[in-house]
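Chains as they are written, first to last, in our numbering: chain H, -16 to 275; chain B, 210 to 375; chain L, 4 to 761.
Presented below is the structure to which this report refers.
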Amino acid sequence: MSYPKFRYAVPKTVRDAVEILHAATEKGEKAIVLAGGTDLMVQLREKSLVPDLVVDISRVTSLTKIERMGNEIRIGPLVTHSMLASSDLIREYVGVLSEAARTVGSPQIRNLGTLGGNIVNASPAADTIPALVILDAQLILTGPKGDRTLPITDFFEGPYETVIEADELLTGVIVPLPPPSGRAIFLKLARRKALAIARMNLACMLYYNRQKEVFEWVRLCVGSSTPRPVRMTEAEKILEGQPFTDVVLQKAGQAAAEQMVALSGLRSSTAYKKPVVGDLVIRAVKLAVEKG
Amino acid sequence: MEEKLGEEIVEISAMVNGTSVVLRTPANRTMLSILREDLHLTGVKEGCGIGECGACTVIMDGKVVNACMVLAPKMDGATITTIEGLGDEENLHPLQKAFIEHGAVQCGFCTPGMILSAKALLDEKPHPTRLEIREGISGNLCRCTGYQQIVDAIESVAEGGMEEGR
Amino acid sequence: MITKVVGKRVERVGILDKVTGKAKYGADLEIPNALILKVYRSPVPHGIVRKIDTSEAAGVDGVVRIFTAKDIPGENLYGIINKDQPVLTGEKVRFEGDPIVLVAAEDEESADRALAALRVEIDELPAVFDPNEALKPEAPSIHEKGNLLFERKIVKGDVEKGFTASDIVIEETYETNMLEHAYIEPEVGVAYRDEDGCVVVLVTTQNPHSDHAQLVSILGVEPEKVRVIQTETGGGFGGKLDISVQPFLALAAYHLDRPVRMVYSREESFQATAKRHPLKIRMKTGATRDGKLTAMKAEIIADTGAYGSYGIAVATRAAVHATGPYEVPNVYVESKAVYTNNNWSGAMRGFGVPQIAVAHESQMDKLAESLGFDPITFRMMNAFTTGSVTPTGQTLNASVGIRETLKKIRPYYEQLLREADATQLSGLTGMKYGVGVASMWYGIGNTGHPNPSSAQIEVDHEGNVTLFTGAADIGQGSDTVLVQIAAETLGLPFDKIHLVRADTTLTTDAGATSASRQTYISGRAVYEAALEVRKQLVERAAKVFKVPANLMVCEGGFFFPQYREFQKLSLTDIIRRSLVPGEVIRGEGYFNPETTSLDPETGQGVPYTTYAFASQVSLVEVDLVTGQVGVVKTISAHDVGKAVNPANVEGQIFSGVAMGIGMGLFEQFYPRKTKSLDTYLIPTAMDVPEITPVIVEVPEPTGPFGAKGVGEPALIPTAPAILNAIHHATGWWVNRIPADLETIRGLTSADEMEKSKS
Ligand SMILES: Cc1cc2nc3c(=O)[nH]c(=O)nc-3n(C[C@H](O)[C@H](O)[C@H](O)COP(=O)(O)OP(=O)(O)OC[C@H]3O[C@@H](n4cnc5c(N)ncnc54)[C@H](O)[C@@H]3O)c2cc1C
Ligand code: FES
Ligand code: FES
């Protein structure tokens, strides 16, 4: 299989990268950002993507860090899934992201694939996205005019579509430290037990107050089921302030299922996904509560 | 910004199996094709070209990657180990010996990648459980063996501790 | 019998090259100056080729030659059983992917550009994708003779009377999946013309001599003008029995003065090569209250897709094996192979038997449950034994190990039942655990057809021993086993024997590496060749020692007269003393197991000389919420006659179980949709459980050292055992494979609806 012809640039700084992207875009060229390449290489091989210029950002070392800054963790977009899976900082404070990253592809893919690529590629099945959504992550985009920061849920417009401009880079992912009372869970459902794209995935974080016997707060996001990632707000509302009972859980599951159908319409997969979303939400909430 | 943005031809210098190599190549190629076609390291196999089979697995800067997922210019400055760099007839790596002893090879097409995944796993985690071994090789599809003799082979090396391989 | 090499876990032949990356597969051969070949394939599933305009493509830089159907010098039709498949089609396309134009270019990029520059006009015809639809009179006709490729009937006793005499009759429809072999090495080969003008094709294959015969006919040349050499082959599973790149390579090498190379991408391998026949099976089985099977009736429809390939063999095998390994006095089977515009189906590990086993083993469990027997007891009550008569009227005289395999799995079955119960109590809500059993039988070799093998062994004047076999080792290990048989018979150490294999100029026909036949048939041919050589060596040694030949002993590579071991001479000593330079001792071996062709009306006859048997038990977990099924443990007992190499036999068992898990749970090839390994999922190491292999050895008198075969049997019981385990876990019968997420979750949802109503 031959790959399309393109030029290749390998900037060392964000500034250079943005400048190259900007200059190419001004000239009317198709320039694309290359990080780990695990999505791009497939698209190039299929020739579903034929760029004039590939801008490899993997040598922009400032984008590979994981740092704690006060009440937030800042993750560079070049951080790989392997790094997320093994980072002590991530595991300690935002373990659910680490759990999600651990389920991506294979060891080989996790060593190459980056968090930034997972986000910008914007596949509905991306495993880190539901985790980032319940963590209230913010994204920093850097373009020729400087930075802009936006909540992750505002980033996506539809499957494989985002608000990023052709001359912008994702340069940071900010994850506010979740309240220590929160318990989180990530579930992935796929056709086989490893190396499989999610048929559905789910991240959930909640605080169940054992004294008061009520859910104080709940955050839920189900991937691969809605056109853009969203919080399952209907289910969250049902749970909040309520006790941990089968009736409440059933209602929450039902609400999640209905919200999914409302957002994605009836599809051939709905017969499967609708009941499963509901039941998975119930399972996730139970598992999170069991975490103590 | 200079007029010309990027280059169609790139220069790569890398350490491959302990030897430094320098070459010029069009940028629109994969590391897999460089290793196989330019460096004649045909122990690196192509089974799919889309990251799914693991036959092209090599160790790059200490980590296993799918060579078909790496754009050639990314090799610049990297240290790469293929099966040819792991051990030869006279000086077999313990994993190669174990694969022979346990009959962990049938058609052998997955074998080079499988052994490299096993090496990277044991480098990181010298005493994995059988389940961890299975996880560690889950990016390497084998249609022939059902994996069990492969897991046995890797486990035997883990138990024996990896002797000084190269 | 005490053996020294046979029955031992000797190191696999060629394994050192494989673990060091030195083994040369087709894509690894460096042929200087080779042109790249690529094929233009039909973008539509059914149509008439109106016009092929190659002018623009021919002008593309780097393009050397463009071939169409007109350029085929011989017969532009091939097919392993019935010839119906064109190398390059000039008239009709029958599936999306039918080859139309072949391009030879300096490099891949030029070839790709040429493909893009071809102008091929096709008038689309209505297509038919369902075999039942294809059989209707108004269906579009895919081949001139109509859409029914073949029908096989098996009639034994009076099936209706049998049902009347039954206390219980169960009737059900089963459906199985279209599968891709997904060997990890895609098709590849190189070709050139040698000094004598012979077209030499080096290719990944499991069928070199058949490839040769087909290429001779396609090129219309003398047999000496084609030579096929098998390269190291990265798996086959039946998918490399049919020719793939071979005719393109041969055609280009025939016309051009340059070597050529062709490598299928994974996508092309998926699109262009055979699949496993999906079967629709209607099966009706009757039994008496005391647990005896009385009658079985089956209607089978196999979708053979655009071309016949092995369709006839699959329809026949499914019919012949439809009862399972049980005595059924009254049998009626109708089995059809039908053309559609889907990808063509061909041979895949088991030829229809893995599919039919889904039906007969589900039926067995349904009957057992209704009659109140446990699954092993019920099978035991009906299983074949020596003297049993099969549905084709064959009396089984020897090596009937089915009962042994059932006995062997009984304790595991009971242990797994306890484990299932214990796990159930501690498991996550929504998880269910269950245990399932399945058995199988499998006739070794081609069905009701002669399928001989031949081999030669030569000892030269320096004492070098060479085994010549046409058998292609595709990873399953025939090289190792054949050398073991030769070494054992000659009384030589394993590493003393040099092997020349699968080269149509140097070796004679050993038949295909298929039907689990190489150990049994080629193994016996090698055995015969070795006996002959041994006889000659003993005669020579007798002359050296000046004693009668019947007093000579030959052991461990040494010869000595009886009771005079102290005088022993090595093989080399004997050879040096009795052969002049250039002289060789040569032994020919040949074996063709006795079969008779099946009666066209009743299917009666002797389809195979011997059968392999197996029983398997699996523990599965079923996630009622997600519909996901996982196999937790499997124990698989196989009667292989004699395990010539136990490690290889176990390797086949592990392999078969793994493949069966994919088949039973998630593999599904969607014609025109499935493109590559991202959507066609085969089991990873995480999907395959720990497997306990149990080897049962009920010797087959006609087999070498009693051996039969195991390659395909290993797969067969797996999917049905999983289905039966799902039933045990949930109470639901799943009558189609794969038992995927949607199927299982659909059953959960239906169940919930049912409960909420009441
Ligand atoms: C075999 C295989 C299995 C996979 N399995 C999974 C899985 O289980 N779960 C899952 O979620 N994904 C999976 N993926 C998809 C992929 O690995 C991930 O999405 C990965 O995180 C992508 O990261 P990357 O760095 O490789 O992206 P690239 O391929 O380098 O880039 C992806 C996209 O993001 C853009 N981009 C990347 N970084 C930036 C940036 N900083 N700024 C602006 N744009 C940027 C690129 O232009 C491109 O459009 C799999 C892929 C393969 C090949
Ligand atoms: S060839 Fe790279 S993963 Fe298959
Ligand atoms: S040994 Fe054949 S694919 Fe692994």
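For every residue, glycine included, the Cβ atom is placed at its ideal position computed from N, Cα and C.
Remember, predicted model here, so these are calculated numbers, not experimental data.
For this session: Can you pull the chain H residues whose beta carbon is under 7 Å from the beta carbon of residue 686 of chain L, in chain order?
Result: The residue given as residue 686 of chain L occupies position 683 in the third sequence. Going along chain H in sequence order, the residues near residue 686 of chain L (Cβ under 7 Å) are 175.
For this session: Using DSSP bridges, identify the partner residues of residue 124 of chain L.
Result: Within the third sequence, residue 124 of chain L is the residue found at index 121, counting from 1. L:54, per the DSSP bridge assignment.
Exercise. So is residue 328 of chain B buried or exposed if we call it buried at 16+ other beta carbons inside 10 Å?
Worked result: As a working mapping, residue 328 of chain B is identified with position 119 in the second sequence. Residue 328 of chain B should be labelled buried.
Problem set entry | Own chain partners of residue 491 of chain L with C-beta closer than 6 Å, once the 5 adjacent residues on each side are dropped | As a working note, residue 491 of chain L is residue 488 in the third sequence. Cβ within range, chain order: 6, 8 and 9.
For this session: List the residues that DSSP assigns as beta-bridge partners of residue 335 of chain H.
Result: Absent from the structure is residue 335 of chain H, since the part of chain H shown begins at -16 and ends at 275.
Problem set entry | Which of helix, strand or coil DSSP assigns to residue 139 of chain H | In the first sequence, residue 139 of chain H corresponds to position 156, counting from 1. DSSP places residue 139 of chain H in strand when its eight states are reduced to three.
Exercise. Are the stretch 162 to 180 of chain L and the stretch 136 to 146 of chain L in contact at 8 Å, needing three or more beta carbon pairs?
Worked result: no
Problem set entry | heavy atom of ligand 5 below 7 Å from residue 222 of chain L C-beta | No copy of ligand 5 appears in this structure; the ligands present are ligand 1, ligand 2 and ligand 3.
Exercise. With distances taken between CB atoms, is the gap from residue 81 of chain H to residue 70 of chain H smaller than 8 Å?
Worked result: Against the first sequence, residue 81 of chain H aligns to sequence position 98. Against the first sequence, residue 70 of chain H aligns to sequence position 87. Yes.
Exercise. Between residue 462 of chain L and residue 541 of chain L, what straight-line distance do the alpha-carbon atoms span, to the nearest angstrom?
Worked result: Position 459 of the third sequence, counted from the start, is the residue given in the question as residue 462 of chain L. Position 538 of the third sequence, counted from the start, is the residue given in the question as residue 541 of chain L. When the Cα atoms are used, residue 462 of chain L and residue 541 of chain L turn out to be separated by approximately 13 Å.
Exercise. For the candidate residues H:224, H:188, H:-5 and H:203, whose alpha-carbon lies nearest to that of residue 195 of chain H?
Worked result: As a working mapping, residue 195 of chain H is identified with position 212 in the first sequence. Considering only alpha carbons, the answer is H:224.
For this session: Whole angstroms is fine: what's the gap from residue 302 of chain L's alpha carbon to residue 599 of chain L's?
Result: Within the third sequence, the letter at position 299 stands for residue 302 of chain L. Within the third sequence, the letter at position 596 stands for residue 599 of chain L. Cα-Cα distance, rounded: 24 Å.
Exercise. Straight-line CA distance for residue 23 of chain L to residue 316 of chain B?
Worked result: Taking the third sequence and counting its residues from 1, the one referred to as residue 23 of chain L is at position 20. Taking the second sequence and counting its residues from 1, the one referred to as residue 316 of chain B is at position 107. Approximately 13 Å between the Cα atoms of the pair.
Exercise. Would the C-beta of residue 191 of chain L count as close to ligand 3, meaning under 7 Å from any of its heavy atoms?
Worked result: Start at 1 with the first residue of the third sequence, and residue 191 of chain L comes out as number 188. Outside the cutoff, so no.
For this session: For residue 343 of chain B, return the contacting residues in chain L, with the cut-off set at a CB-CB distance below 7 Å.
Result: Along the second sequence, one-based indexing puts residue 343 of chain B at 134. Within 7 Å Cβ-Cβ: 688 and 689.
For this session: Reducing DSSP to helix, strand and coil, say where residue 498 of chain L ends up.
Result: On the third sequence, position 495 is the one that residue 498 of chain L refers to. Residue state, collapsed to three classes: helix.
For this session: Could you spell out the range, first to last residue, of the beta strand (DSSP E) harbouring residue 675 of chain L?
Result: Along the third sequence, one-based indexing puts residue 675 of chain L at 672. Unbroken run through residue 675 of chain L: none, as it is neither H nor E.
For this session: From the DSSP output, read off the bridge partner residues of residue 228 of chain B.
Result: One-based indexing of the second sequence puts residue 228 of chain B at position 19. Under DSSP, residue 228 of chain B forms a beta bridge with B:225.
Exercise. So is the beta-carbon of residue 109 of chain H under 7 Å away from any non-hydrogen atom of ligand 1?
Worked result: Numbered from its first residue, the first sequence carries residue 109 of chain H at position 126. Answer for residue 109 of chain H: yes, Cβ within range of ligand 1.
For this session: Return helix, strand or coil for residue 210 of chain B, following the three-state DSSP convention.
Result: Against the second sequence, residue 210 of chain B aligns to sequence position 1. With a pLDDT of only 46 at residue 210 of chain B, under 50, the local geometry of the prediction cannot be trusted, and the value read off the model is given with reservation. Residue state, collapsed to three classes: coil.
Problem set entry | Contiguous beta strand (DSSP E) assignments of at least 3 residues, all confined to the stretch 227 to 290 of chain L | 229 to 233, 263 to 266 and 282 to 290
Exercise. Where does residue 767 of chain L fall in DSSP's three states?
Worked result: As displayed, chain L neither begins before 4 nor continues past 761, which places residue 767 of chain L out of reach and without an answer.
Problem set entry | Delimiting residues of the alpha helix (DSSP H) encompassing residue 258 of chain H | Residue mapping note: residue 258 of chain H aligns to position 275 of the first sequence, counting from 1. 253 to 273 is the span of the alpha helix (DSSP H), which, as asked, contains residue 258 of chain H.
Exercise. In the stretch 87 to 120 of chain L, which residues sit with their C-beta less than 7 Å from some C-beta in chain H, listed in chain order?
Worked result: 111, 112 and 115
Exercise. Would the C-beta of residue 55 of chain H count as close to ligand 2, meaning under 7 Å from any of its heavy atoms?
Worked result: Position 72 of the first sequence, counting from 1, holds the residue named residue 55 of chain H. No, the beta carbon of residue 55 of chain H sits no closer than 7 Å to any heavy atom of ligand 2.
Exercise. Among L:293, L:392, L:257 and L:307, which residue has its Cα nearest to the Cα of residue 324 of chain L?
Worked result: What you label residue 324 of chain L is simply residue 321 of the third sequence in a count that begins at 1. It is L:392 whose Cα lies nearest to the Cα of residue 324 of chain L.
For this session: Compare the C-alpha of residue 147 of chain L against each of L:672, L:429 and L:309 and name the closest.
Result: Mapped onto the third sequence, residue 147 of chain L falls at position 144. It is L:309.
For this session: Starting from residue 506 of chain L, follow its DSSP beta bridges and name the residues at the other end.
Result: The residue labelled residue 506 of chain L in the question sits at position 503 within the third sequence. Answer is L:232.
Problem set entry | Selection from H:156, H:204 and H:-16 that minimises the alpha carbon distance to residue 277 of chain B | Within the second sequence, the letter at position 68 stands for residue 277 of chain B. For residue 277 of chain B, the closest of H:156, H:204 and H:-16 by C-alpha to C-alpha distance is H:-16.
Exercise. For the stretch 742 to 756 of chain L, which residues have a CB atom closer than 9 Å to at least one CB atom of chain H, in sequence order?
Worked result: Residues of the stretch 742 to 756 of chain L with a C-beta less than 9 Å from any C-beta of chain H: 743, 744, 745, 748, 749, 751, 752 and 755, listed in chain order.
Exercise. Once you ignore the five residues that flank residue 582 of chain L on each side, which residues in its own chain have a CB closer than 6 Å to its CB?
Worked result: Here residue 582 of chain L is taken as the residue at index 579 of the third sequence, counted from 1. Closer than 6 Å at Cβ, skipping near neighbours: 464.
Exercise. Would you say residue 17 of chain L touches ligand 2, meaning its beta carbon is less than 7 Å from a heavy atom?
Worked result: For this step, residue 17 of chain L is matched to residue 14 along the third sequence. Not under cutoff, so the answer is no.
Exercise. Counting along the chain, where does the beta strand (DSSP E) carrying residue 192 of chain H start and finish?
Worked result: One-based indexing of the first sequence puts residue 192 of chain H at position 209. Counting along the chain, the beta strand (DSSP E) containing residue 192 of chain H begins and ends at 183 to 192.
For this session: State yes or no: is the C-beta of residue 94 of chain L within less than 8 Å of the C-beta of residue 125 of chain L?
Result: For the purposes of this step, residue 94 of chain L is taken as residue 91 along the third sequence, with counting starting at 1. For the purposes of this step, residue 125 of chain L is taken as residue 122 along the third sequence, with counting starting at 1. No. Outside cutoff.
Exercise. So who's on the other strand from residue 345 of chain L, going by DSSP bridges?
Worked result: Your numbering for residue 345 of chain L matches position 342 in the third sequence. Partner(s): none; residue 345 of chain L has no beta bridge.
Exercise. Taking 8 Å as the CB-CB cut-off, is residue 76 of chain H touching chain L?
Worked result: Within the first sequence, the letter at position 93 stands for residue 76 of chain H. No - not a single Cβ of chain L is within 8 Å of the one on residue 76 of chain H.
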